[in-house]
Amino acid sequence: MLLDSIRTQLDSLSKSERKVALAVLDNPGQTVSQNITALAKSAQVSEPTVVRFCRTLGYDGWHEFKLKLAQGLALALPGLNEQPTQDDLAADLVNKICSRSINTLLDLRNNLDPEAIQKALDILSKANKIEFYGQGTSGIVATDAQHKFFRSGVPTVAYADPHIHSIAAALLRTGDAVVAISQRGNSPSLVRSIKLARRGGADVIVLAPSGTPLADLATVLIPIDLIFNIDPYTPISARLAYLVVIDVLAVGLALQRGPDFRKKMQNAQKALQEFDLQFDSFIR
């Protein structure tokens with residue numbers, strides 16, 4: 001939600017804007033119910049500073065920011081900020097984990113930029129080949145993306161090893177595309193590979209938090225601004241957001257390539273189902 005986005009950008013805010021951010025985070029419900037003068041007094045800053053804070057986050061001003069905050073708080077489900085504990089019953093775990101995941105996806109739906117998605121699809125639909133780079137958990141997302149995109153008819157590969165995607169990036173040329181996936185956006189090896197890809201003329205679509213080194217290198221940035229201060233028992237619900245964005249891009253590319261291509265995809269799916277039936281008959 002918006003509060004997560006504020007937390008991730010705290011370090012990049014000016015000293016006075018940070019005061020506003022902390023005041024909002026300290027009591028978001030009160031922020032929604034008060035006016036700009038009250039917030040400025042609470043944060044011990046001027047009203048123009050509050051407006052600058054709102055614009056830094058990407059909003060036109062105080063009223064748009066306040067509306068978005070109110071919407072986020074209204075949509076949030078119970079359990080979002082509750083950490084799983086050792087004494088939790090199964091019912092508690094179901095509520096906490098599902099609520100956190102649902103809120104992550106609601107926040108994604110409310111903040112995902114359709115214009116950025118369309119620009120990314122335009123690049124992918126014209127690409128000679130598509131490569132997905134990610135490391136750690138993001139490497140798993142990259143592999144999932146490769147599995148979904150290889151049906152698009154465009155040569156597709158995923159690399160999670162920094163040495164391998166560094167070599168691959170150096171071989172890219174104009175007309176190629178890279179989708180760089182990172183939950184933090186500051187991996188030195190991934191940043192290096194993306195610089196190599198850009199140097200060769202490839203377009204780069206970045207799925208990462210805004211304001212990060214990786215985001216700054218993007219041809220098209222699809223910002224995913226979520227919070228990461230989680231304990232070892234908390235599921236990485238942020239990964240769901242990345243997987244959903246990959247789904248949006250994969251489905252969008254299939255639709256953009258037209259009915260003839262979708263018919264080929266259906267034929268491929270039918271062939272796979274026939275293979276499964278034959279294999280089942282064989283093992284029986």
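The numbering of the sequence shown is the UniProt record's numbering, which starts it at 1 and goes up by one.
C-beta atoms are modelled at their ideal positions from N, C-alpha and C, and glycine is treated no differently.
These numbers come from a predicted model, not from an experiment.
Answer yes or no: do residue i and residue j have a C-beta to C-beta separation smaller than 8 Å?
{"i": "Val175", "j": "Asn128", "result": "Sequence inspection shows Gly at residue 175; the Val mentioned does not correspond to that position. Yes, these two residues count as a Cβ contact at 8 Å."}
{"i": "Val45", "j": "Gly61", "result": "no"}
{"i": "Leu243", "j": "Asp144", "result": "yes"}
{"i": "Ile181", "j": "Leu207", "result": "yes"}
{"i": "Thr104", "j": "Leu240", "result": "yes"}
{"i": "Leu214", "j": "Leu196", "result": "no"}
{"i": "Met73", "j": "Gly139", "result": "The displayed chain sequence assigns Leu, not Met, to residue 73. It is not a contact, given that the beta carbons lie outside the stated cut-off."}
{"i": "Phe65", "j": "Glu17", "result": "no"}
{"i": "Val178", "j": "Val204", "result": "yes"}
{"i": "Thr31", "j": "Leu39", "result": "yes"}
{"i": "His165", "j": "Ser193", "result": "yes"}
{"i": "Thr137", "j": "Gln86", "result": "no"}
{"i": "Val154", "j": "Ile130", "result": "yes"}
{"i": "Ala271", "j": "Arg151", "result": "no"}
{"i": "Gln135", "j": "Pro114", "result": "no"}
I think residue i touches residue j, with their Cβ atoms under 8 Å apart; what is that distance to the nearest whole Å?
{"i": "Ala254", "j": "Met265", "result": "6 Å"}
{"i": "Leu2", "j": "Lys68", "result": "6 Å"}
{"i": "Ser210", "j": "Asp225", "result": "6 Å"}
{"i": "Ala169", "j": "Ala142", "result": "That belief does not hold up - the Cβ atoms of Ala169 and Ala142 are roughly 13 Å apart, past 8 Å."}
{"i": "Asn186", "j": "Thr219", "result": "19 Å between Cβ atoms; not a contact."}
{"i": "Ala43", "j": "Lys19", "result": "4 Å"}
{"i": "Ala158", "j": "Ile222", "result": "Not a contact, Cβ separation roughly 17 Å."}
{"i": "Ile117", "j": "Gly252", "result": "7 Å"}
{"i": "Asn110", "j": "Gln71", "result": "7 Å"}
{"i": "Asp107", "j": "Asp260", "result": "That pair is no contact at about 37 Å."}
{"i": "Val24", "j": "Ile36", "result": "That pair is no contact at about 12 Å."}
Could you give the first and the last residue of the continuous beta strand (DSSP E) run that contains residue i?
{"i": "Phe132", "result": "130-133"}
Locate the alpha helix (DSSP H) running through residue i, then write down its first and last residues.
{"i": "Ala127", "result": "Neither: Ala127 is in no alpha helix (DSSP H) and is coded neither H nor E."}
{"i": "Ile140", "result": "137-149"}
{"i": "residue 287", "result": "Because the chain spans 1 through 284 in this model, residue 287 falls outside it and cannot be assessed."}
{"i": "Thr104", "result": "90-111"}
{"i": "Val191", "result": "188-200"}
{"i": "Ala215", "result": "Where Ala215 is concerned, there is no enclosing alpha helix (DSSP H), given that its DSSP letter is neither H nor E."}
{"i": "Ser166", "result": "162-170"}
Looking only at DSSP bridge pairs, what is residue i linked to?
{"i": "Leu221", "result": "Val206"}
{"i": "Ala180", "result": "Tyr133, Val206"}
{"i": "Val157", "result": "Glu131"}
Alpha helix (DSSP H) segments (min. 4 residues) lying fully within the stretch 4-64: Segments of the alpha helix (DSSP H) lying fully in the stretch 4-64: 15-26, 28-33, 36-43, 47-56.
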